[in-house]
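Enquirer:
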Amino acid sequence: MSEFFVTFALFVVIYSPARSNENTDSMTVLTQSFDVLVVGGGNAGLCAAITARRAGARVLVLESATKDFRGGNSRHTRDIRYMHRAATDYVTGAYTEQEFWEDLRQVTGGETNEGLARLTIQNSEELGDWMRANGIHWQKPLRGTLHLAQSNLFMLGGGKAMMNAYYDTASRSGVQIAYESEVSELRIRDGEFLSAVVSGNGAAREVEAKAIVVAAGGFEANIPWLKEYWGNAADNFIIRGTKHNQGRMLKELLRHGGKPVGDPRGCHAVALDARAPKFDGGIVTRLDSVPFGIVVNKEVKRFYDEGEDFWPKRYAIWGKLIAQQPDQIAYSIVDAKALPHFMPSVFPPVEADSIAELASALGLDPKALVRAVDEFNRATRPGAFNPGSLDSCRTEGLDPPKSHWARPIDTPPYYGYPLRPGITFTYLGITVDERARVIMQDERPAKNIFAAGEVMAGNILGKGYLAGFGLTIGSVFGRIAGREAARRATA
Ligand SMILES: Cc1cc2nc3c(=O)[nH]c(=O)nc-3n(C[C@H](O)[C@H](O)[C@H](O)COP(=O)(O)OP(=O)(O)OC[C@H]3O[C@@H](n4cnc5c(N)ncnc54)[C@H](O)[C@@H]3O)c2cc1C
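Numbering (the numbering used here), first residue to last: 13 to 503.
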């Protein structure tokens, strides 16, 4: 009997309605009136919502996901890049505006809006304090986290803890939140937002507001849309983040005459364990074994220099490289001495005592893999192996070459990982100005439509990526969009 009461009490505690403004009864909250609608409850959306609320606006966040899955791709993050003038307990040295700008210029090859990029960098200086004041705690960077100890702050508990803190802050300050509320349509006339059509729990409702902030991520989870640029190859892409980033809001903004920005094929894509779930596998399914062995496609052909440069500078090109291979699959092959040099994988590697057995276990032609490994081993030249430098272990006479960390694959057991392209986010977005106003095709800013986060990151990231910069863009532009939307709505 007492067991029954304990179970019943637990049930009541777990399933009782959420306190405060984290409104799970979406349809009720949608009947209230608001100054600012924020579409998307990830980092950019919450930064906008908190800022707009503090500026005196009545704010509603509309989020497609359930409460348990709130936080979009932002909940998978670990660190944020920011400008700072000195070392602290959590970063090892200063990271100046110039250094930040040079890093960005290098990765984008100059494909960036310099005005918006510099604005982002300059405004990022406040983020450490602002985030702290809104409930985020820091931790020292962990070993093996892509050499970011100088430039990036690591959130204690990662993105999930960050998003929980933001939701808590938002909710306490009076922001209303409607989960399971997907915005399916925007009503816009002459560059002026009028209302949003919200679907949830089998019903649709039109919600009006004086201004809107679109912070609904990219379209990386929309496979049919990806197929427009990638063809059937997109069927084999794995989406590292939320299934809810379908790009519906981006499509709506474009349909109403918003000006696009960025390469439609542009995306951040990494080598992912092919056994990862189709969506939301997050950070742990990325594989960092590539520089320490060879990578072959299903025809057992190597296709790129695995040791071209440090992994943090190369990991984000491997998704696209694999996307170009037959059936979008590849295999990372390493031996026992390579294993300690990369982060352990979440799924155990396929293991065998010989290369031929490993090939069979991976579904590859054993003779071809033995031949490929022999050829590679013969081409390696003696050198001083050092994973911390661009070392002298390289191949000679091999096409493609392996420029560093090329050691013979000769120490059993041998290990293999199947790899797929893992899409982090897409770059095609909506053009904005320095006030986060959406720019229309006639170059004029929309009157009361603002955008922040992935949906506008293409203004700044024309190509390439800097680790931790997705959150920087979303936080800076989220705050700007929140401030400007509130100003417009309460004027
Ligand atoms: C595995 C992984 C690791 C990453 N690690 C880092 C990192 O360490 N540092 C970093 O800076 N960046 C990282 N990124 C990139 C980072 O996640 C993004 O740049 C950033 O979180 C984007 O924030 P956002 O608010 O624009 O989008 P999101 O956080 O994705 O939020 C968008 C929200 O909009 C909602 N939504 C979408 N459409 C609608 C609609 N029609 N109606 C209502 N709601 C809608 C979604 O459900 C979602 O919650 C990582 C990404 C992934 C996938």
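Cβ coordinates follow ideal geometry from the N, Cα and C atoms, glycine included.
Are the segment 454–471 and the segment 300–311 in contact at 8 Å, needing three or more beta carbon pairs?
Expert: The segment 454–471 is not in contact with the segment 300–311.
Enquirer: Rounded to whole angstroms, what is the Cα-Cα separation between residue 152 and residue 176?
Expert: In the sequence shown, the residue the question calls residue 152 occupies position 140. In the sequence shown, the residue the question calls residue 176 occupies position 164. Whole-angstrom Cα-Cα distance: 20 Å.
Enquirer: Can you name, in chain order, every residue of its own chain whose Cβ lies under 8 Å from the Cβ of residue 435, other than the five neighbours on each side?
Expert: If you number the sequence shown from 1, residue 435 lands on position 423. Here the set comprises 232, 238, 249, 250, 251, 252, 279, 280, 281 and 331.
Enquirer: Measuring CA to CA, which of 108, 150 and 70 is closest to residue 135?
Expert: The residue labelled residue 135 in the question sits at position 123 within the sequence shown. Looking at the Cα atoms, 108 is the closest of the given residues.
Enquirer: How would you label residue 121, buried or exposed, when you count the other beta carbons within 10 angstroms and need 16 or more for buried?
Expert: Position 109 of the sequence shown, counting from 1, holds the residue named residue 121. When all chains shown are included, residue 121 counts as exposed.
Enquirer: Count the other CB atoms within 10 Å of the CB of residue 145; is the residue buried (16 or more) or exposed (fewer)?
Expert: Here residue 145 refers to the residue found at position 133 of the sequence shown. The residue is exposed, with fewer than 16 neighbouring Cβ atoms inside 10 Å.
Enquirer: Tell me the residue span of the beta strand (DSSP E) that contains residue 167.
Expert: Position 155 of the sequence shown, counting from 1, holds the residue named residue 167. Where residue 167 is concerned, the enclosing beta strand (DSSP E) stretches over 164–167.
Enquirer: Following a CB-centred definition, is residue 467 positioned closer than 7 Å to any heavy atom of ligand 1?
Expert: Working through the sequence shown from its first residue, we reach residue 467 at position 455. Correct: residue 467 has its Cβ closer than 7 Å to ligand 1.
Enquirer: Where do the N-terminal and C-terminal ends of the beta strand (DSSP E) with residue 433 fall, by residue?
Expert: On the sequence shown, residue 433 is found 421 positions in, with the first residue counted as 1. Where residue 433 is concerned, the enclosing beta strand (DSSP E) stretches over 426–438.
Enquirer: Is residue 59 helix, strand or coil by DSSP?
Expert: The residue you call residue 59 lines up with position 47 of the sequence shown. The answer is helix: DSSP assigns residue 59 an H, G or I state.
Enquirer: Using only the alpha-carbon positions, how far apart do residue 12 and residue 137 sit?
Expert: In the structure displayed, the chain extends from 13 to 503; residue 12 sits before or after that span and is not available.
Enquirer: Leaving out five residues on either side along the sequence, give the residues of the same chain with a beta carbon under 6 Å from the beta carbon of residue 491.
Expert: The residue you call residue 491 lines up with position 479 of the sequence shown. 59 and 63.
Enquirer: Ignore the nearest five residues each way along the sequence and tell me which others in residue 35's own chain have a CB closer than 7 Å to its CB.
Expert: What you label residue 35 is simply residue 23 of the sequence shown in a count that begins at 1. The predicted position of residue 35 is uncertain, since its pLDDT is 47 and thus under 50; a value taken from the coordinates is nonetheless stated next. 41, 188, 189 and 190, listed in sequence order.
Enquirer: Roughly how many whole angstroms lie between the Cα atoms of residue 105 and residue 336?
Expert: What you label residue 105 is simply residue 93 of the sequence shown in a count that begins at 1. What you label residue 336 is simply residue 324 of the sequence shown in a count that begins at 1. Spanning the two alpha carbons is a distance of roughly 39 Å.
Enquirer: Got a sec? Which residues, its chain only, sit under 8 Å from residue 440 by beta carbon, not counting five neighbours each side?
Expert: Residue numbering aside, residue 440 sits at position 428 when the sequence shown is read from its first letter. Closer than 8 Å at Cβ, skipping near neighbours: 230, 231, 262, 272, 273, 274, 275, 276, 278 and 470.
Enquirer: Looking at the structure shown, is residue 36 part of a helix, part of a strand, or coil, going by DSSP?
Expert: To locate residue 36, count along the sequence shown from 1; it is residue 24. A caution first: residue 36 carries a pLDDT of 47, below 50, which makes its placement in the model unreliable, though a value can still be read off. In the structure shown, residue 36 sits in coil (DSSP, three-state: anything other than H, G, I, E or B).
Enquirer: Taking 7 Å as the cut-off, is the C-beta of residue 285 nearer than that to any heavy atom in ligand 1?
Expert: Taking the first residue of the sequence shown as position 1, residue 285 is located at position 273. For ligand 1, not one heavy atom lies less than 7 Å from the Cβ of residue 285.
Enquirer: When you compare only the Cα positions, how much space is there between residue 123 and residue 43?
Expert: Translated into the one-based positions of the sequence shown, residue 123 becomes position 111. Translated into the one-based positions of the sequence shown, residue 43 becomes position 31. Looking at the two C-alpha atoms, the distance is approximately 44 Å.
Enquirer: Are three or more beta carbon pairs between the segment 402–419 and the segment 453–469 nearer than 8 Å?
Expert: No, they do not touch.
Enquirer: Going by DSSP, what residue range makes up the alpha helix (DSSP H) through residue 241?
Expert: The residue given as residue 241 occupies position 229 in the sequence shown. Looking at the DSSP string, the run of the alpha helix (DSSP H) that includes residue 241 is 235–242.
Enquirer: Looking at the unbroken beta strand (DSSP E) that takes in residue 196, where does it start and where does it end?
Expert: Residue numbering aside, residue 196 sits at position 184 when the sequence shown is read from its first letter. Where residue 196 is concerned, the enclosing beta strand (DSSP E) stretches over 194–201.
Enquirer: Where does residue 17 sit, in a helix, a strand or coil, going by DSSP?
Expert: Position 5 of the sequence shown, counting from 1, holds the residue named residue 17. Only weak support is given to the placement of residue 17: the predicted model assigns it a pLDDT of 37, under 50, and the value that follows is read from those uncertain coordinates. In this structure, residue 17 counts as helix in the three-state DSSP scheme.
Enquirer: Distance check for residue 235 and residue 429, CA to CA, integer angstroms please.
Expert: Taking the first residue of the sequence shown as 1, we reach residue 429 at position 417. Taking the first residue of the sequence shown as 1, we reach residue 235 at position 223. Whole-angstrom Cα-Cα distance: 24 Å.
Enquirer: Given a threshold of 16 other Cβ atoms within 10 Å of its Cβ, counted over all protein chains shown, does residue 366 qualify as buried or as exposed?
Expert: On the sequence shown, residue 366 is found 354 positions in, with the first residue counted as 1. The residue in question, residue 366, is exposed, as its Cβ has fewer than 16 Cβ neighbours within 10 Å.
Enquirer: For residue 176, verify whether its CB is less than 7 Å away from any heavy atom of ligand 1.
Expert: The residue you call residue 176 lines up with position 164 of the sequence shown. Residue 176 Cβ: outside cutoff for every heavy atom of ligand 1.
Enquirer: Indicate, with yes or no, if ligand 1 has a heavy atom lying under 7 Å from the CB of residue 89.
Expert: Taking the first residue of the sequence shown as 1, we reach residue 89 at position 77. Residue 89 Cβ: within cutoff of ligand 1.
Enquirer: Nearest by alpha-carbon distance to residue 174: which of 83, 111, 195 and 382 is it?
Expert: Locating residue 174 in the sequence shown gives position 162, where the first residue counts as 1. Nearest of 83, 111, 195 and 382 to residue 174, Cα basis: 83.
Enquirer: How far does the alpha helix (DSSP H) with residue 378 in it reach, from first residue to last?
Expert: Position 366 of the sequence shown, counted from the first residue, corresponds to residue 378. Element bounds for residue 378: 378–391.
Enquirer: Measure the alpha-carbon distance for residue 488 versus residue 296 and round it to whole angstroms.
Expert: Here residue 488 corresponds to residue number 476 of the sequence shown, with the count starting at 1. Here residue 296 corresponds to residue number 284 of the sequence shown, with the count starting at 1. Rounded to whole angstroms, residue 488 to residue 296 spans 27 Å at the Cα level.
Enquirer: Quick one: what's got a C-beta closer than 7 Å to residue 259's C-beta in the same chain, skipping five residues either side?
Expert: Mapped onto the sequence shown, residue 259 falls at position 247. If we look at residue 259 and ignore the five residues flanking it on each side, its Cβ neighbours are 230, 231, 234 and 237.
Enquirer: Within the segment 242–314, note down every full alpha helix (DSSP H) run reaching 4 residues or more, in order along the chain.
Expert: As far as the segment 242–314 is concerned, its whole alpha helix (DSSP H) runs of at least 4 residues are 260–267.
Enquirer: Report the rounded CA-to-CA distance for residue 68 versus residue 192, giving the unit in angstroms.
Expert: In the sequence shown, counting from the first residue as 1, residue 68 sits at position 56. In the sequence shown, counting from the first residue as 1, residue 192 sits at position 180. So the alpha carbons of these two residues sit roughly 26 Å apart.
Enquirer: With a threshold of 7 Å (Cβ to nearest heavy atom), would residue 85 be considered close to ligand 1?
Expert: Taking the first residue of the sequence shown as 1, we reach residue 85 at position 73. For ligand 1, at least one heavy atom lies less than 7 Å from the Cβ of residue 85.
Enquirer: For residue 457, list the residues DSSP reports as bridge partners.
Expert: Looking up residue 457 in the sequence shown gives position 445. According to DSSP, which records beta bridges pairwise, residue 457 is partnered with 451.
Enquirer: Secondary structure at residue 131, three-state DSSP: helix, strand or coil?
Expert: The residue you call residue 131 lines up with position 119 of the sequence shown. Three-state DSSP puts residue 131 in a helix.
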